[in-house]
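Here is the structure we will look at, set down as structure tokens.
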Amino acid sequence: MTTYRPEKADELIQTAKAMVAPGKGILAIDESNGTCNKRFEAVGIEPTEQKRREYRELLLTTPNLEEYVSGAILYDETIRQTTGDGKSFIDVMRERGQVVGIKVDTGAKPLAGSDGEKVTEGLDGLRERLAEYYEMGARFAKWRAVIAIDTAKGLPTRGCIEANAHALARYAALCQEAGVVPIIEPEVLIDGDHDITTCERVTEEELNEVFRQLYHQNVMLEGVILKTSMVISGKGASNRAGVDEVADRTVETLRRTVPAALGGVVFLSGGQGVEESTAHLNAMHVRHADRLPWPLTFSYARAIQGPALNYWKGEPGNVAEAQQRALTRAKYNGLASLGKYSEDMESA
Numbered sequence: 200m201t202t203y204r205p206e207k208a209d210e211l212i213q214t215a216k217a218m219v220a221p222g223k224g225i226l227a228i229d230e231s232n233g234t235c236n237k238r239f240e241a242v243g244i245e246p247t248e249q250k251r252r253e254y255r256e257l258l259l260t261t262p263n264l265e266e267y268v269s270g271a272i273l274y275d276e277t278i279r280q281t282t283g284d285g286k287s288f289i290d291v292m293r294e295r296g297q298v299v300g301i302k303v304d305t306g307a308k309p310l311a312g313s314d315g316e317k318v319t320e321g322l323d324g325l326r327e328r329l330a331e332y333y334e335m336g337a338r339f340a341k342w343r344a345v346i347a348i349d350t351a352k353g354l355p356t357r358g359c360i361e362a363n364a365h366a367l368a369r370y371a372a373l374c375q376e377a378g379v380v381p382i383i384e385p386e387v388l389i390d391g392d393h394d395i396t397t398c399e400r401v402t403e404e405e406l407n408e409v410f411r412q413l414y415h416q417n418v419m420l421e422g423v424i425l426k427t428s429m430v431i432s433g434k435g436a437s438n439r440a441g442v443d444e445v446a447d448r449t450v451e452t453l454r455r456t457v458p459a460a461l462g463g464v465v466f467l468s469g470g471q472g473v474e475e476s477t478a479h480l481n482a483m484h485v486r487h488a489d490r491l492p493w494p495l496t497f498s499y500a501r502a503i504q505g506p507a508l509n510y511w512k513g514e515p516g517n518v519a520e521a522q523q524r525a526l527t528r529a530k531y532n533g534l535a536s537l538g539k540y541s542e543d544m545e546s547a
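Just add 199 to wherever you are in the sequence shown, counting from 1, and you've got our numbering.
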């Protein structure tokens, strides 16, 4: 797609390959403090920095997690934290052979001139922040854009799609300049009552624009990971598409829009149920494994964290079982990324 090669091109390519190694995916624990606190309050955990640190330690020190999780996306607070005995989370991950990632956008803000749409901010000062994170040990970053579907309002608008795609591409170029692999995350939100055909149309338009903008910003695709939502019915749809249709439409949409040179594709769970997101990923491999030109795996947050958080509830005595629950979800998703998951495992 481009002949431009960043100074650290070989390092970027090797990092991207490690992130989507066979049977592994990426754990997303990059929630902002506010979002994390809300999830804590929902299950009765005190929303403090100490509890956030304990929770991230629980996840990152889960025994054998590295067998299914290649790396984790951290938040700025988390990348600076340590375990209870003083070891940095960065060192915990490095010793397990995992890649350290960092969320670098500053959130989705209202898009001026639009009725309810958002554009993600955070480009100001990003070059300097990336240099600091690279020095700390981060080797990939993440930037999330959100695209809402509202057919009554005519959303998304072309302006929203273009604004977010342009920001993703500028962010990606700055990442590669710093030797950091960019995860680009253009998420089509599952909120709404739209059908799967509408989601497919919007996803195709959005991804086409994202890769057009990456080309214009001289981004090397081999050193990029796409984190995308699945082609799926809105949560409020009256007749939601089944697992096989989601798998088929998602793969077809990606094959139409995503260049084969890309370093890899990972999915966000995006409001899906824990088991639902695993089943969808598995079906894509069972039905289309020989048609995928790039590695296709997961980068889940709540779909891995959820069972652990709900059991832990901030209690030290619950840590071991909570870790086992996180490991189980990571294992099932690792198997799904190989087409080897079965729903019968859930009742075993």
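Glycine included, C-beta positions come from ideal geometry on N, C-alpha and C.
Sub-8 Å separation of Arg328 and Val303 beta-carbons: With a cutoff of 8 Å on beta-carbon distance, Arg328 and Val303 are scored as near each other.
Touching by the beta-carbon criterion (3+ pairs, under 8 Å), the stretch 507-516 and the stretch 463-483: The stretch 507-516, when compared against the stretch 463-483, does not touch it at the 8 Å Cβ threshold.
Rounded straight-line distance, which links the Cα of Pro205 to that of Ala337: 17 Å
Spatial distance of Glu294 from Leu259 (CA atoms): Each residue's alpha carbon lies about 11 Å from the other.
Check whether Ser468 and Ala500 have beta carbons under 8 Å apart: yes
Asp392 versus Asn438 - alpha carbon distance: 9 Å
Burial state of Val423, where buried means 16 or more other Cβ atoms lie within 10 Å: Val423 should be labelled buried.
Distance CB(Leu322)-CB(Tyr370) smaller than 8 Å: yes
For Leu495, the nearest candidate out of Lys237, Lys426 and Ala347 (CA to CA): Ranking Lys237, Lys426 and Ala347 by Cα distance to Leu495 puts Lys426 first.
Unbroken alpha helix (DSSP H) run spanning Trp511, endpoints: Arg501 to Trp511
Ser546, buried or exposed, once every other Cβ within 10 Å from all chains shown has been counted against 16: exposed
DSSP three-state assignment for Val409, whether helix, strand or coil: helix
Pair within 8 Å by beta-carbon distance, Gly441 and Tyr267: no
Where Lys530 sits in the DSSP three-state scheme: helix
Beta-carbon contacts of Val430 that lie in its chain and below 7 Å, excluding the five residues immediately before and after: Ile395, Cys398, Glu399, Thr402, Val445, Arg448, Thr449 and Thr452
Spatial distance of Arg279 from Gly353 (CA atoms): 42 Å
Coil, strand or helix - Val219 by DSSP: coil
Presumed contact (8 Å Cβ cut-off) between Gln522 and Leu273, rounded CB distance: Approximately 18 Å separates the beta-carbon atoms of Gln522 and Leu273; this is outside 8 Å, ruling out the contact.
First through last residue of the alpha helix (DSSP H) which encompasses Gly444: Checking the sequence shown, residue 444 turns out to be Glu, not Gly. Its alpha helix (DSSP H) spans residues Val442 to Thr456.
DSSP three-state assignment for Asp390, whether helix, strand or coil: coil
N-terminal and C-terminal residue of the alpha helix (DSSP H) that Lys250 is part of: Lys250 -> alpha helix (DSSP H) spans Glu248 to Leu259.
Rounded C-alpha distance that separates Ala362 from Lys286: 41 Å
Where Arg279 sits in the DSSP three-state scheme: coil
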